[in-house]
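Residue numbers (my numbering): 78 to 195.
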């Protein structure tokens with residue numbers, strides 16, 4: 078999809094659906110913090126060998142689940158408490174619509190406390 082402006086680009090859907098942040102799916106505008114959500118989604122995939130929304134049978138179901146969610150995707154039971162806390166930060170959701178404001182930045186994620194990935 079060709080966009081004509083940065084503003085339009087920041088309100089368009091781009092990427093693989095199961096890894097998209099809610100603000101991307103809803104097209105409400107997003108910034109680099111949407112990538113932090115995607116990092117969390119990728120970690121879930123690495124830990125489970127499944128996408129972060131395993132109950133969604135197709136892209137439309139995933140779009141709906143992400144758009145209406147008020148919680149993080151299901152977290153793998155076998156992860157350490159530290160890893161689960163990291164993922165909860167990546168999946169910060171504000172019902173008021175300011176999720177990206179509350180979500181950590183890239184540097185916060187990279188330099189967060191030592192994680193134990195078991």
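Ideal Cβ positions, reconstructed from N, Cα and C, are used throughout, including at glycine.
Given a cut-off of 8 angstroms, decide if residue 130 and residue 124 are closer than it, judged by their beta-carbon atoms.
Contact: no.
I need the boundaries of the alpha helix (DSSP H) containing residue 115, first residue and last residue.
110–125
Ends of the alpha helix (DSSP H) at residue 167?
158–167
Our contact map puts residue 102 next to residue 144 with C-beta atoms below 8 angstroms; I'd like the distance itself, whole angstroms only.
5 angstroms
Skipping 5 residues on each side, what residues in its chain have a beta carbon closer than 8 angstroms to that of residue 165?
149, 152
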